[in-house]
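Residue numbering for the sequence shown is 0 to 276, as defined by numbering that gives the first Met the number 0. Read through the structure below, which is laid out as structure tokens, and then see the notes.
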Amino acid sequence: MRSFPLFMRLQGRPVLLVGQGDMAAAKARLLTAAGASVIERTAVEFKSSDVAGMALVVSAIGDDARDAEVSAAARDAHVPVNVVDRPELSDFTMPAIVDRGEIVVAISTHGGSPVLAQRVRSAVEAALPHGIERLVSFARRFRSAVHARIDDHDRRRHFWAGFFDGPIAKALLAGRERDAAREVIRAINGDLAPEHGAVVELLVDAQDADQITLGDLRALQQADVVLFDADIAPEIVDLARRDAVRAVWQGQEIVAGQRVVRLKARTRASHGQFKVM
């Protein structure tokens, strides 16, 4: 990663916006939507002392010398700064944003291609089902109960995976909240640990991550363990969730209860059989 992605709380905090015109207006709308207290200055009005006490500084002047002046003042005061369309003068970049209320997705090209970031945003918007933000609010209501009932990290993760992939989420997305509540209470009080290891074999193009299907990606994101042929590209293995165990396939035994994905090159014959302990 060239930069570290994070979400910053700006509610009620002062942010300095320098500039005027369409670019500045767009940034003002975005910052105001995040709850920031936006303090606006034109290029003529700006003084270096204006940056003191700011959570962030954004410069949208459009003049190289003036933008550089704002950037230098912010950096001297150790205040993070963004200069529109000038990543070399910026400490952070403004991503393309998918805003579904409780769910926010940020897409960045590090300032290299804002148009491409917008196209990726459109693709993400199209992939998210209508009403998905309701899942977050609903899950928050039961989070404490789940943690009190299930004290094991892996079993909790399996519970939430089933929550979002099973009948509970389907009922919520269909507007049947009472049905969803009954299902989640039944699931919390039921037997939540799988009895057997679930093994999924994925045949993939060994060197082309772009050929991964949505179904393959979902399986990788749910896996506890990812076993892969040595010639599978690292970019494909990296699609697994961050805390999954990853190892080259060498005939390993599978511990009962684990969700395992076996990544095989599409041209490779199957090697051996899985053993579930």
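Positions of the beta carbon are idealized from the N, C-alpha and C atoms, including for glycine. Since we're looking at a predicted model, the values are computed, not measured.
Would you decide whether residue i is buried or exposed? Buried here means 16 or more other CB atoms lie within 10 Å of its CB.
i: N188; result: exposed
i: R258; result: buried
i: V80; result: buried
i: M7; result: exposed
i: S58; result: buried
i: A72; result: buried
i: L30; result: buried
i: E182; result: buried
Where does residue i fall in DSSP's three states?
i: L9; result: coil
i: I167; result: helix
i: A239; result: coil
i: L216; result: helix
i: V203; result: strand
i: V103; result: strand
i: V97; result: strand
i: R40; result: strand
i: A51; result: coil
i: A264; result: strand
i: V183; result: helix
i: S70; result: helix
i: R85; result: coil
My guess is that residue i and residue j are in contact by the Cβ rule of under 8 Å, so how many angstroms apart are they, rounded?
i: V104; j: V123; result: 5 Å
i: R12; j: A35; result: 6 Å
By the DSSP assignment, the alpha helix (DSSP H) with residue i in it spans what residues?
i: V244; result: Where V244 is concerned, there is no enclosing alpha helix (DSSP H), although the beta strand (DSSP E) it sits in stretches over V244 to V247.
i: I231; result: Counting along the chain, I231 falls outside any alpha helix (DSSP H), and DSSP gives it neither H nor E.
i: V135; result: E132 to R148
i: L30; result: D21 to A32
i: V119; result: P113 to A126
Would you give the residue range spanned by the beta strand (DSSP E) that residue i belongs to?
i: F227; result: V224 to F227
i: V82; result: V80 to V82
Against chain D, with Cβ distances strictly below 8 Å, would residue i count as a contact?
i: G110; result: Included in the structure is just one protein chain, with no chain D present.
Would residue i and residue j be called neighbours here (beta carbons separated by less than 8 Å)?
i: R265; j: V199; result: no
i: V14; j: I38; result: yes
i: L318; j: V225; result: Residue 318 cannot be examined here, being either before or after the span of the chain that is shown, 0 to 276.
i: F227; j: V247; result: yes
i: A208; j: L238; result: yes
i: D151; j: D223; result: no
i: I131; j: I149; result: no
i: V50; j: V78; result: yes
i: L201; j: K263; result: yes
i: A33; j: L5; result: no
i: R65; j: A42; result: yes
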